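**Student:** Residue numbering for the sequence shown follows the working numbering, beginning at 562 and increasing consecutively. C-beta atoms are modelled at their ideal positions from N, C-alpha and C, and glycine is treated no differently. On a predicted model such as this, the values are computed, not experimentally measured, just so you know.
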Amino acid sequence: MSNPSIPLDVAAAEEHLMRFLAVEGVTGQEANIAAAVSDALKMIGVPASAIRLDDANKRIPLPTEIGNLIVDLPGTRPGPRLLFSTHLDTVPLCAGAKPRREGDRIVSDGTTALGGDARTGVALLVVLAETLMKHRLPHPPITLLFTVREESGLHGARELNPADLGGAVMCINVDGMLAKDLIIGAVGQENWEVEIKGRASHAGVAPEKGISATLVGAIALTEARQAGWFGKVVKPDGRGTSNVGIFGGKDGKPAGDATNVVTDYAFIKGEARSPEAAFATKIAKGYKEAFAKAQGEVKDHEGQTAEVAFSHQTSYPPFKLAENSPVVKRATKALEMLGIEANCLFSNGGLDANWLDKHGIPTITIGAGQAEIHTVKEYVNLAEYEKGCRLGILMATMEE
Ligand SMILES: [Zn+2]
Numbered sequence: 562m563s564n565p566s567i568p569l570d571v572a573a574a575e576e577h578l579m580r581f582l583a584v585e586g587v588t589g590q591e592a593n594i595a596a597a598v599s600d601a602l603k604m605i606g607v608p609a610s611a612i613r614l615d616d617a618n619k620r621i622p623l624p625t626e627i628g629n630l631i632v633d634l635p636g637t638r639p640g641p642r643l644l645f646s647t648h649l650d651t652v653p654l655c656a657g658a659k660p661r662r663e664g665d666r667i668v669s670d671g672t673t674a675l676g677g678d679a680r681t682g683v684a685l686l687v688v689l690a691e692t693l694m695k696h697r698l699p700h701p702p703i704t705l706l707f708t709v710r711e712e713s714g715l716h717g718a719r720e721l722n723p724a725d726l727g728g729a730v731m732c733i734n735v736d737g738m739l740a741k742d743l744i745i746g747a748v749g750q751e752n753w754e755v756e757i758k759g760r761a762s763h764a765g766v767a768p769e770k771g772i773s774a775t776l777v778g779a780i781a782l783t784e785a786r787q788a789g790w791f792g793k794v795v796k797p798d799g800r801g802t803s804n805v806g807i808f809g810g811k812d813g814k815p816a817g818d819a820t821n822v823v824t825d826y827a828f829i830k831g832e833a834r835s836p837e838a839a840f841a842t843k844i845a846k847g848y849k850e851a852f853a854k855a856q857g858e859v860k861d862h863e864g865q866t867a868e869v870a871f872s873h874q875t876s877y878p879p880f881k882l883a884e885n886s887p888v889v890k891r892a893t894k895a896l897e898m899l900g901i902e903a904n905c906l907f908s909n910g911g912l913d914a915n916w917l918d919k920h921g922i923p924t925i926t927i928g929a930g931q932a933e934i935h936t937v938k939e940y941v942n943l944a945e946y947e948k949g950c951r952l953g954i955l956m957a958t959m960e961e
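1. Could you please give the first and the last residue of the uninterrupted alpha helix (DSSP H) stretch that includes residue 916?
2. Determine the closest residue to residue 719 out of 890, 629, 574, 902, with distance taken between C-alpha atoms.
3. Using only the heavy atoms of ligand 1, determine whether one of them is closer than 8 Å to the beta carbon of residue 934.
4. Which residue wins for smallest C-alpha separation from residue 818, given the options 764, 847, 790?
5. If you follow the beta strand (DSSP E) that residue 648 is in, where does it begin and where does it stop?
6. Identify every run of the alpha helix (DSSP H) within the region 832-919, keeping only runs that are complete inside it and at least 4 residues long; order them along the chain.
7. To which residues of the same chain is residue 945 closer than 6 Å at the C-beta, ignoring the five residues directly before and after it?
8. Taking only runs of the alpha helix (DSSP H) that begin and end inside the region 699-783, which ones reach a length of at least 4 residues, in chain order?
9. Excluding five sequence neighbours on each side, which residues of the same chain lie with their C-beta closer than 8 Å to the C-beta of residue 603?
10. Relative to the C-alpha of residue 798, which candidate in 574, 773, 840, 941 has its C-alpha closest?
11. Please confirm whether residue 645 and residue 921 have their CB atoms less than 9 Å apart.
12. Straight-line CA distance for residue 956 to residue 895?
13. Do the region 649-664 and the region 698-712 touch if we need at least three Cβ pairs shorter than 8 Å?
14. Could you tell me whether any non-hydrogen atom of ligand 1 is closer than 8 Å to the CB of residue 716?
15. Apart from the five residues on each side of it in sequence, which residues of its chain come closer than 6 Å, Cβ to Cβ, to residue 565?
16. Between the C-alpha atoms of residue 636 and residue 926, what's the straight-line distance to the nearest angstrom?
17. Using alpha carbons as the reference points, say which of 673, 643, 743, 584 lies closest to residue 889.
18. When burial is assigned at 16 or more other CB atoms within 10 Å of the CB, is residue 701 buried or exposed?
19. Kindly indicate which three-state DSSP category residue 565 falls into: helix, strand or coil?
20. Within the continuous beta strand (DSSP E) that includes residue 619, where are the two ends?
21. For residue 902, verify whether its CB is less than 8 Å away from any heavy atom of ligand 1.
22. I want to check one thing, is the minimum distance from the CB of residue 874 to the heavy atoms of ligand 1 below 8 Å?
23. Classify residue 959 as buried or exposed, calling it buried when 16 or more other Cβ atoms lie within 10 Å of its own Cβ.
24. Apart from the five residues just before and just after residue 616, which ones in its own chain have a Cβ nearer than 6 Å to its Cβ?
25. Between residue 736 and ligand 1, is there a pair consisting of the residue's CB and a ligand heavy atom that are separated by less than 8 Å?
26. For residue 954, does the three-state DSSP call read helix, strand or coil?
27. On the DSSP letters alone, give me the boundaries of the beta strand (DSSP E) that residue 804 sits inside.
28. Between the region 868-881 and the region 839-855, can you find at least three pairs of beta-carbon atoms closer than 8 Å?
Here it is in structure tokens:
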């Protein structure tokens with residue numbers, strides 16, 4: 562539904578999106594897309610002095626070309642500062658994407674993903690700045706945040722310095738599919754890994770002298786499942802999910818390399834998610850206990866056991882906004898003005914919003930048309946992109 566009070570230039574908005582989709586920028590390699598965004602902002606009249614990169618990349622434990630891109634737009638009316646955020650990076654499957662228009666969609670050539678996740682957000686933030694400036698729309702001070710390394714672990718949002726966000730009181734994060742869907746909370750995640758050092762022995766000549774690391778792992782995972790910690794976890798004191806993603810050996814190689822040798826080493830890695838941070842930790846501890854139990858069950862002929870080193874750490878914290886919090890009310894009201902009924906959702910995956918909320922800025926995540934993300938079937942739904950742009954402009958300009 563179009564709203565005559567929002568002067569959105571739809572053709573210009575689609576041009577921005579097409580241009581940003583064509584710039585490669587897989588996670589950790591965001592320098593080119595950041596430059597393209599800076600150029601676009603300068604073209605529409607944002608002074609170079611208002612555009613900067615932070616130093617989050619120095620704290621990210623993975624090679625990362627640049628820090629987060631932060632842009633300050635001075636208010637044209639007084640009011641508390643608003644933050645609009647999205648992520649610059651795309652998943653590696655987007656490398657080499659060739660976006661093209663097909664009816665009311667933008668698609669890739671089918672050999673790569675497209676990168677609408679989250680270039681729809683990147684374009685939306687640029688469209689927002691352009692529309693506000695071109696039409697001199699009254700708005701409070703606004704900060705635009707384009708994060709790096711979201712796809713590889715929410716690193717840019719995690720490592721940013723909240724003081725760089727100018728005291729923003731709420732954030733609108735753009736990283737979703739449908740404009741009507743408002744993500745107001747998400748699970749937290751705990752990662753765990755275990756190294757099992759057994760002992761090699763000839764499997765035909767003296768199997769009793771070996772300690773099989775793969776057997777310890779297999780028994781542990783069976784134990785974890787029987788104790789209710791695998792897959793969907795529902796316990797009286799909490800709920801969540803868990804998975805065992807990697808069961809291998811050293812440096813990404815298989816566990817063991819010959820059938821006639823008792824496997825002396827295995828590496829297993831998994832995750833646990835829950836709306837409650839403490840329960841995600843509890844799931845990880847459930848796995849820890851299972852590995853300890855399995856360790857005691859696998860012995861060589863002298864009663865020796867494998868060494869089992871289990872560790873776990875928080876990947877990101879969960880969050881949940883109250884439905885009557887100012888940012889949810891603002892988004893709901895803006896959707897209502899667009900004739901769209903809001904649908905509040907809780908996500909089972911982490912978002913930059915998890916960290917922004919942790920940094921003290923209540924953050925809602927809105928959608929702008931990205932669809933079938935992380936697959937070669939990825940496309941952008943242009944009708945939803947347009948709605949998302951209108952929603953963003955409205956949220957930036959509306960009075961309370
Ligand atoms: Zn995304």
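**Tutor:** This is what the structure gives:
1. Here residue 916 refers to the residue found at position 355 when the sequence shown is read from its first residue. Under the DSSP assignment, residue 916 falls in the alpha helix (DSSP H) whose first and last residues are 913-919.
2. Reading the sequence shown from its first residue, position 158 is the one you call residue 719. For residue 719, the closest alpha carbon among the candidates 890, 629, 574, 902 is that of 629.
3. Stepping through the sequence shown from its first residue, residue 934 is reached at position 373. With a cutoff of 8 Å, residue 934 counts as near ligand 1, since its C-beta is closer than that to a heavy atom of the ligand.
4. Along the sequence shown, one-based indexing puts residue 818 at 257. Among 764, 847, 790, the Cα nearest to that of residue 818 is on 764.
5. By 1-based counting over the sequence shown, the position of residue 648 is 87. Start and end: 643-648.
6. Counting only runs of 4 or more, we get 838-858, 887-898, 913-919.
7. Counting from one through the sequence shown, the residue named residue 945 turns up at place 384. Excluding positions up to five away in sequence, the list reads 739, 740, 930.
8. Runs found: 716-720.
9. Translated into positions along the sequence shown, residue 603 becomes position 42. Once the five neighbours on either side are set aside, the close Cβ partners of residue 603 are 609, 612.
10. The residue labelled residue 798 in the question sits at position 237 within the sequence shown. Selected option, being the one with the closest Cα: 840.
11. Taking the first residue of the sequence shown as position 1, residue 645 is located at position 84. Taking the first residue of the sequence shown as position 1, residue 921 is located at position 360. In terms of Cβ geometry, residue 645 and residue 921 do not form a close pair [threshold 9 Å].
12. Working through the sequence shown from its first residue, we reach residue 956 at position 395. Working through the sequence shown from its first residue, we reach residue 895 at position 334. Each residue's Cα considered, the two are about 6 Å apart.
13. At 8 Å Cβ cutoff, the stretches touch.
14. As a working mapping, residue 716 is identified with position 155 in the sequence shown. False, no ligand heavy atom lies under 8 Å from that Cβ.
15. For the purposes of this step, residue 565 is taken as the residue at position 4 of the sequence shown. Reliability fails at residue 565, whose pLDDT of 45 lies under 50, so the model's placement of it is uncertain and no value is given.
16. In the sequence shown, the residue the question calls residue 636 occupies position 75. In the sequence shown, the residue the question calls residue 926 occupies position 365. For residue 636 and residue 926, the distance between alpha carbons rounds to 23 Å.
17. As a first step, residue 889 must be located in the sequence shown, where it is residue number 328. The residue with the shortest Cα to Cα distance from residue 889 is 743.
18. Counting from one through the sequence shown, the residue named residue 701 turns up at place 140. Looking at its Cβ environment, which holds 16 or more other Cβ atoms inside 10 Å, residue 701 is buried.
19. Residue numbering aside, residue 565 sits at position 4 when the sequence shown is read from its first letter. In this prediction, residue 565 has a pLDDT of 45, which is less than 50 and means its spatial position is unreliable; what the coordinates show is noted afterwards. Residue 565: coil per DSSP, three-state reduction.
20. Translated into positions along the sequence shown, residue 619 becomes position 58. It is not in any beta strand (DSSP E) - residue 619 carries neither H nor E in the DSSP assignment.
21. Sequence index remark: in the sequence shown, residue 902 carries index 341 (1-based). Flag unset: Cβ of residue 902 not near ligand 1.
22. To locate residue 874, count along the sequence shown from 1; it is residue 313. Incorrect: residue 874 has no Cβ contact closer than 8 Å to ligand 1.
23. Translated into positions along the sequence shown, residue 959 becomes position 398. That one is exposed.
24. Here residue 616 refers to the residue found at position 55 when the sequence shown is read from its first residue. If we look at residue 616 and ignore the five residues flanking it on each side, its Cβ neighbours are 628.
25. Here residue 736 corresponds to residue number 175 of the sequence shown, with the count starting at 1. Taken from the Cβ of residue 736, at least one heavy atom of ligand 1 lies inside 8 Å.
26. As a first step, residue 954 is located in the sequence shown; it is residue number 393 there, counting from the start. Of the three classes helix, strand and coil, the one that applies to residue 954 here is helix, per DSSP.
27. For the purposes of this step, residue 804 is taken as the residue at position 243 of the sequence shown. Per DSSP, residue 804 is one residue of the beta strand (DSSP E) stretching across 799-809.
28. They touch, by the three-pair rule.
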